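*Asks:* This structure is in structure tokens; I'll ask about it shortly.
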Amino acid sequence: MYISFKQKIIGSLLLVGVLPMLVMGGYSIYSGFQTIQKGTVSDLTVSRQDIALAAEDYFNTVYGLARTLSINPTTRTALIELRDGVETFDPASVPVNLGKLRARYEYQQQNTPDTKPADVDAWMPKDARIQAMQTLYIIDNPNPIGQKEKMDKAHDDSAYSQAHSRYLPYFREYLQEFGFYDIFLIDTKGNVVFTVFKEIDFMSSVYDGPLKDTNFSDVVRRALKATKPGEMFVADFQKYMPSYDAGAGFVAVPVFEGKTLIGVLAFQLPSLKIDALFKSLAGYGDHTDGYFVGRDGRLRNDMRTVEKNDLLRQLKGQAFEMVPEFFKEPGVKFFKNSRNVPVVAVYRPLQIEGLDWALVVRTEMDGLYQAFYEDALASVVILVAALIAITVFGLWLGGKLSEPVVRMGRNFNKGSERVGQSTGMVGDAVASMIAASEETSAQSTVVRRNSTEAAQYVGSVTVAVEELNTSIHDISQSIHETNQLVDDAVTKARHTDEVVRKLGEASGRISEVVGLINDLAAQTNLLALNAAIEAARAGDAGRGFAVVADEVKKLASHTTQATVDIGEQIREIQEVTKESVSALQTVVSAIHRIRDNATSVSAAVEEQSGVVKHIATSVQDASHRVKDVDENMIGIEQAANDTGVAADQVNQAVGEVQGAFSDMKSQMQQVMTQMGVKV
């Protein structure tokens, strides 16, 4: 997969810039979670301990108040007088409106959940005394429902009403001071002879009617079995119909007159007081709360953060499954509450006489981490901003860094193209030089062959001159022989003249070849100079090529010098040839004069002898010069061969230069590819 240079730069910057942020951020988040969890668990544990101690102290206080009030003489006196007042009360003295009384019970049924109209018949009192007493203190009470405790005395003048007017203020003040929901006095028959709030449990019996199956009936009946003062009986919270099925708990204490049980004092526990035990959690926000729970999985208080009535609400889901754990050793658990929200909870069982409760203080994880989530969100925003900034900077930096690399690659490609063209030109020049050296070698072979023939001709001339000398020597002996020799000399002189002319032509051709060689050497020298210039442009890569070009230049210079020497020798041969031609013409003229004037033969012979000697000398010199030409042509041929070898070496060097530039270009392309740069 191709990755551009800019992408690599951006990736590197992101790796260097973002990875540490991610690691630190992840560690910070993890540490933050751990710190918050530990801190929260620690805070919840402290709150749990405070609430548990407060709850245990509160119930111990309530129990102490109940015991103290049960042995108070006022309580004993009130119970006796109120009991006696009920027993002596004449129900006929009070007109009872059963319709109104039934309407009150119907109101009770209509405002009590999970009840039906038929329940009204079961609740309605059948005893005339109860009907009359409820008429006096409930139906005829001018205060609205919920405020019936404000009426101290009914409109009759019965002993009960007089006792009621004396003791209601006392118990009402006690109730208000300690926050109880209601206070009851029950005689030994199970009749409720006094209440502060005057609900339909007033004057009812714990053995029948609306109280029959309540936890209040149960705790009173247990207290009526007490054998000594101060015994404490507790009824856990249950639905209580006289309070419209609201949760109600009770504390009952027997009241003794001496050793005789005269009745029971009972408190209806105030749920608001119990709810207030959790007010210290308000500082943790709306996501933190606590509750008391029984083994049945029902709450024993209204939770602070829930508007609806939670008292006796059944826990659900994982919270309900955790109930057995709550009654073991104090601990910490993570689970989901009834709304399927993750919570962390600390719990412990409570040590409260008569109650089997556990305390749970818990906080919702979402609320716990809300502030942390906000900080984490801010960190994410910063991280995203950093990503964007690094990406933009990476694009800019990648462009800046790749620009010179791209430019270098392009320049290198252009340079390699120029070097390729130059090496191509050098290759062409070398090929031309090789062809020229081959042609020079061939021409030198021809020159050597011609010089060999010239040497043969010079040898023939030498023989002729020797024969002429012999003939001249013999002229004095015989004119006849002289004539014959003259004829023969004429013939041979003509032949010699022809040979000398051929020698002159050969010398001309040799001169042309020498000129050609000289031109080739000049071209070679020029090519070597161009190659040296291109090598200098190539720098270090062309250094080897420059050495080869210099050697070619030297070889061309040597070749030029050799051709100059050959040219000079050829000119000398031509001069000698001209002299030979002139001499031959002189010989011919002499021979003709000999024929024309026989008398002057001797003088002519003598003159001819000198000429022959001169010819012999010239021929001998020509022979030497022909040998020199032959030797020089051997040197030229060797130089041409050396030029061909040097040209081959130059060609190989050019190939090596091309290969080196090809390798450099391939490596450069690999570097560009690795960097992700396209040129």
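Numbering (full-length UniProt numbering), first residue to last: 1 to 679.
Glycine included, C-beta positions come from ideal geometry on N, C-alpha and C.
Since the structure is predicted, the reported quantities are computational estimates derived from the model, not experimental observations.
Please determine, among T88, S42 and T195, the residue with the shortest C-alpha to C-alpha distance to Q147.
*Replies:* As a position in the sequence shown, residue 147 is number 147, starting the count at 1. Checking every option, the nearest Cα to that of Q147 belongs to T195.
*Asks:* Pick out whichever of E606, L520, E512 and E505 has its Cα sitting closest to the Cα of E575.
*Replies:* The residue given as residue 575 occupies position 575 in the sequence shown. Answer by Cα proximity: E505.
*Asks:* What span of residues does the beta strand (DSSP E) with Y347 cover, start to end?
*Replies:* Within the sequence shown, the letter at position 347 stands for residue 347. Its beta strand (DSSP E) spans residues P342 to P349.
*Asks:* Return yes when the Cβ of V220 is within less than 8 Å of the Cβ of V206, no when it is not.
*Replies:* Stepping through the sequence shown from its first residue, residue 206 is reached at position 206. Stepping through the sequence shown from its first residue, residue 220 is reached at position 220. Cβ distance < 8 Å, so V206 and V220 count as in contact.
*Asks:* Can you find at least 3 beta carbon pairs, one from the stretch 278–291 and one from the stretch 244–252, that sit closer than 8 Å?
*Replies:* no
*Asks:* So the candidates are N340, P342 and V332; which of them puts its Cα closest to the Cα of R348?
*Replies:* Sequence index remark: in the sequence shown, residue 348 carries index 348 (1-based). Cα-wise, what sits closest to R348 is V332.
*Asks:* Tell me whether F326 sits in a helix, a strand or coil according to DSSP, three-state version.
*Replies:* As a position in the sequence shown, residue 326 is number 326, starting the count at 1. Assignment of F326 by DSSP, reduced to helix, strand and coil, places it in the helix class.
*Asks:* At what residue ranges does the stretch 197–232 contain a whole run of the alpha helix (DSSP H), taking only runs of 4 or more?
*Replies:* 215–223
*Asks:* Out of G179, A266, I262 and R172, which one is the CA nearest neighbour of S217?
*Replies:* As a working note, residue 217 is residue 217 in the sequence shown. The residue with the shortest Cα to Cα distance from S217 is A266.
*Asks:* With a cut-off of 8 Å, do at least 3 Cβ pairs link the stretch 182–193 to the stretch 75–88?
*Replies:* These segments touch.
*Asks:* Would you say the stretch 335–351 touches the stretch 27–46, given that touching needs at least three Cβ pairs under 8 Å?
*Replies:* Judged by Cβ distances under 8 Å, the stretch 335–351 makes contact with the stretch 27–46, as three or more pairs qualify.
*Asks:* Using the beta-carbon count (16 or more within 10 Å), is S161 buried or exposed?
*Replies:* For the purposes of this step, residue 161 is identified with residue 161 of the sequence shown, where counting begins at 1. Flag for S161 reads buried.
*Asks:* Tell me, to the nearest whole angstrom, how far the beta carbon of M124 is from that of Y107; I am working on the premise that it is less than 8 Å.
*Replies:* Within the sequence shown, numbered from 1, the residue matching residue 124 stands at position 124. Within the sequence shown, numbered from 1, the residue matching residue 107 stands at position 107. About 13 Å separates the two Cβ atoms, so there is no contact after all.
*Asks:* Below 8 Å on the Cβ atoms is my guess for A546 versus A562; work out the distance and round it to an integer in Å.
*Replies:* As a working mapping, residue 546 is identified with position 546 in the sequence shown. As a working mapping, residue 562 is identified with position 562 in the sequence shown. Not quite, the Cβ-Cβ distance comes to about 25 Å (not below 8 Å), so this is no contact.
*Asks:* By the three-class DSSP mapping on this structure, what secondary structure does Y291 have?
*Replies:* Counted from its first residue, the sequence shown places residue 291 at position 291. The answer is strand: DSSP assigns Y291 an E or B state.
*Asks:* Exposed or buried, what is S662 when buried is set at 16 or more other beta-carbons lying within 10 Å of its beta-carbon?
*Replies:* Here residue 662 corresponds to residue number 662 of the sequence shown, with the count starting at 1. Under this definition S662 is an exposed residue.
*Asks:* Are three or more beta carbon pairs between the stretch 3–22 and the stretch 233–244 nearer than 8 Å?
*Replies:* The stretch 3–22, when compared against the stretch 233–244, does not touch it at the 8 Å Cβ threshold.
*Asks:* Taking K627 as the reference, give the member of F292, D540 and Q456 with the closest Cα.
*Replies:* If you number the sequence shown from 1, residue 627 lands on position 627. Looking at the Cα atoms, Q456 is the closest of the given residues.
*Asks:* Kindly identify the DSSP beta-bridge partner or partners of L359.
*Replies:* Taking the first residue of the sequence shown as position 1, residue 359 is located at position 359. L359 pairs with F292 and R348.
*Asks:* Taking the alpha carbon of T227 as the reference point, which residue from T214, I200, L261 and S204 has its own alpha carbon closest?
*Replies:* The sequence position of residue 227 within the sequence shown is 227, counting from 1. The shortest C-alpha separation from T227 is found at L261.
*Asks:* For E481, does the three-state DSSP call read helix, strand or coil?
*Replies:* Taking the first residue of the sequence shown as position 1, residue 481 is located at position 481. Looking at E481 - three-state DSSP - the assignment turns out to be helix.
*Asks:* Short of 8 Å in beta carbon distance, which residues of its chain neighbour F89, apart from the five on each side in sequence? Order them along the chain.
*Replies:* On the sequence shown, position 89 is the one that residue 89 refers to. Around F89: R129, A132, M133, S158, A159 and Y160.
*Asks:* Return the first residue and the last residue of the alpha helix (DSSP H) that Q110 is part of.
*Replies:* The count along the sequence shown starts at 1 and reaches residue 110 at position 110. Its alpha helix (DSSP H) spans residues L98 to Q110.
*Asks:* Suppose contacts are defined by Cβ-Cβ distances below 8 Å. Is V264 in contact with L224 by that definition?
*Replies:* Taking the first residue of the sequence shown as 1, we reach residue 264 at position 264. Taking the first residue of the sequence shown as 1, we reach residue 224 at position 224. Yes, they are a contact pair.
*Asks:* Run through the stretch 242–288 for me and flag every whole beta strand (DSSP E) of 3 or more residues, listed as ranges in chain order.
*Replies:* 246–257 and 260–268, all fully within the stretch 242–288.
*Asks:* What span of residues does the alpha helix (DSSP H) with G317 cover, start to end?
*Replies:* For the purposes of this step, residue 317 is taken as the residue at position 317 of the sequence shown. Counting along the chain, the alpha helix (DSSP H) containing G317 begins and ends at G317 to E321.
*Asks:* Pick from S243, G179, S42 and D127: whose alpha carbon is nearest that of N111?
*Replies:* In the sequence shown, counting from the first residue as 1, residue 111 sits at position 111. Among S243, G179, S42 and D127, the Cα nearest to that of N111 belongs to S243.
*Asks:* Buried or exposed: Q268, going by 16 or more other Cβ atoms within 10 Å of its Cβ?
*Replies:* On the sequence shown, residue 268 is found 268 positions in, with the first residue counted as 1. Label assigned to Q268: buried.
*Asks:* Just to confirm the assignment: which complete beta strand (DSSP E) runs, minimum length 3, are found wholly within the stretch 504–556?
*Replies:* none
*Asks:* Run through DSSP, which three-state label would E579 get?
*Replies:* Numbered from its first residue, the sequence shown carries residue 579 at position 579. Correct three-state label for E579: helix.
*Asks:* Out of F292, V380 and Q109, point me to the one whose CA is closest to A55's CA.
*Replies:* Taking the first residue of the sequence shown as 1, we reach residue 55 at position 55. Minimum Cα distance to A55 is reached at F292.
*Asks:* How about A52 and L350: are their beta carbons less than 8 Å apart?
*Replies:* Locating residue 52 in the sequence shown gives position 52, where the first residue counts as 1. Locating residue 350 in the sequence shown gives position 350, where the first residue counts as 1. Yes.
*Asks:* Please report the distance separating the alpha-carbon of W171 from that of L311.
*Replies:* Residue mapping note: residue 171 aligns to position 171 of the sequence shown, counting from 1. Residue mapping note: residue 311 aligns to position 311 of the sequence shown, counting from 1. Here residue 171 turns out to be Phe, not Trp, going by the sequence shown. Distance between the alpha carbons of F171 and L311: 26 Å.
*Asks:* Would you grab the beta carbon distance between K336 and Q314 for me? Rounded to a whole angstrom, and I think it's under 8 Å.
*Replies:* Within the sequence shown, the letter at position 336 stands for residue 336. Within the sequence shown, the letter at position 314 stands for residue 314. That belief does not hold up - the Cβ atoms of K336 and Q314 are roughly 16 Å apart, past 8 Å.
*Asks:* Would you report the Cα separation of I9 and S557, rounded to the nearest angstrom?
*Replies:* Along the sequence shown, one-based indexing puts residue 9 at 9. Along the sequence shown, one-based indexing puts residue 557 at 557. Taking the straight line from one Cα to the other gives about 57 Å.
*Asks:* What number of angstroms, rounded off, separates the C-alpha of I274 from the C-alpha of D302?
*Replies:* Numbered from its first residue, the sequence shown carries residue 274 at position 274. Numbered from its first residue, the sequence shown carries residue 302 at position 302. Rounded to the nearest angstrom, the two C-alpha atoms are 9 Å apart.
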